[in-house]
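When you read off a place in the sequence shown, starting at 1, and then add 47, the result is the number in this note's numbering.
From the three backbone atoms N, C-alpha and C, an ideal C-beta is built for every residue, glycine too.
Working notes, beginning with the structure itself.
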Amino acid sequence: MIRFCSLGSGSSGNALVVEIGQTRLLVDCGFSMQELERRLARIQLSPEQFDAVLVTHEHADHIGSTGPLSRRYGLTVYTSPGTRIAARDNRFAHIQELQADQPFAIDDAWVHPFTVPHDSREPTQFTITDGAHRLVLMTDAGHISRHMVDIADRADALLLECNHDPAMLQAGPYPPSLKRRINGGYGHLPNHAATDLLQRMDQSRLRHVVGMHLSSDNNREELAREALAQGLGCALHETEIATQDEGFAWRSTAA
Ligand SMILES: [Zn+2]
Ligand SMILES: [Zn+2]
């Protein structure tokens, strides 16, 4: 059984908690130490109760206080060589370099890092499995690659970016260069890409889908819900969205 919850999702900070057996992982730490501890306290946890931290890429909303966290609590950081280089100011106490598409174990958890098209040095997103069920985290991707569809196939739980509505992005307050960055193929997934991925993948095992990393300026929750509902063939009220402030509550692959 995999248990997982989000402490917050969006461009102001991301962190995901994953538990398998006796193993507890933090995926990304895009908050200050104080804010991370405050959010962990909401679920009666503290940083010393974690076994390791996985970092997807060096953008501040993901790497945040990973360095101080690692040093203060002696946590090993798992990340790609490129992310390590790009994050050189964020000194880690212990580091374990990972390679895309080379699965590895952290105690009871199996982790499969996979590549996504995103404008950072060497980003990887993660599949985490207990052997029976598979959780797929898929955010910070500029478009849906064939590889991402393969990874999503037959997932039990999918945490999928629904970053923006293209019309809202175009009409919105961002400068042209930032608009181009976001929708240029190596930025962030628009709502309709989430629909597209869901329609292309094998959904036969899919029990949990949560819309992630919504833009506060260029998206609205109901638009992301519509995109997920269309991709899943379900009603709007059955869709789930992670928020910047709350993330989402515990769920489990056994439920
Ligand atoms: Zn991000
Ligand atoms: Zn990013």
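With distances taken Cα to Cα, identify the nearest neighbour of residue i among the options.
i, options, result
"residue 106", "92, 172 and 134", "134"
"residue 73", "188, 63 and 194", "63"
"residue 69", "127, 291, 153 and 100", "153"
"residue 281", "250, 193 and 213", "250"
"residue 98", "272, 142 and 81", "142"
"residue 119", "192, 286 and 139", "139"
"residue 244", "212, 52, 121 and 191", "191"
"residue 71", "88, 86 and 50", "50"
"residue 67", "132, 220 and 52", "52"
"residue 216", "301, 270 and 258", "270"
Are residue i and residue j close, meaning C-beta to C-beta below 7 Å?
i, j, result
"residue 172", "residue 163", "yes"
"residue 210", "residue 260", "yes"
"residue 54", "residue 294", "yes"
"residue 291", "residue 59", "yes"
"residue 181", "residue 202", "yes"
"residue 236", "residue 289", "no"
"residue 108", "residue 129", "no"
"residue 175", "residue 156", "yes"
"residue 247", "residue 183", "no"
"residue 286", "residue 276", "yes"
"residue 104", "residue 56", "no"
Cα separation between residue i and residue j?
i, j, result
"residue 90", "residue 124", "22 Å"
"residue 207", "residue 231", "19 Å"
"residue 113", "residue 265", "28 Å"
"residue 225", "residue 233", "12 Å"
"residue 253", "residue 204", "6 Å"
"residue 193", "residue 151", "23 Å"
"residue 228", "residue 272", "24 Å"
"residue 299", "residue 178", "14 Å"
"residue 136", "residue 126", "15 Å"
"residue 132", "residue 283", "42 Å"
"residue 145", "residue 160", "8 Å"
Return the first residue and the last residue of the beta strand (DSSP E) that residue i is part of.
i, result
"residue 149", "Careful: residue 149 lies outside any beta strand (DSSP E) and carries neither H nor E."
"residue 196", "Where residue 196 is concerned, there is no enclosing beta strand (DSSP E), although the alpha helix (DSSP H) it sits in stretches over 193-199."
"residue 290", "Taken as a continuous stretch (DSSP letters only), residue 290 belongs to no beta strand (DSSP E), as it is neither H nor E."
"residue 160", "156-162"
"residue 181", "181-185"
"residue 53", "49-55"
Considering just the uninterrupted stretch of the alpha helix (DSSP H) at residue i, what are its terminal residues?
i, result
"residue 246", "238-247"
"residue 130", "128-133"
"residue 117", "113-120"
"residue 99", "Here residue 99 belongs to no alpha helix (DSSP H); instead the beta strand (DSSP E) covers 99-101."
"residue 269", "268-279"
"residue 81", "80-89"
"residue 217", "213-218"
"residue 109", "107-110"
Return yes when at least one heavy atom of ligand 3 lies under 6 Å from the C-beta of residue i, else no.
i, result
"residue 174", "The ligand content of the structure shown is limited to ligand 1 and ligand 2, which means ligand 3 is not among them."
Neighbouring residues (CB closer than 7 Å to any heavy atom of ligand 1): 58, 61, 106, 108, 109, 186, 187 and 260
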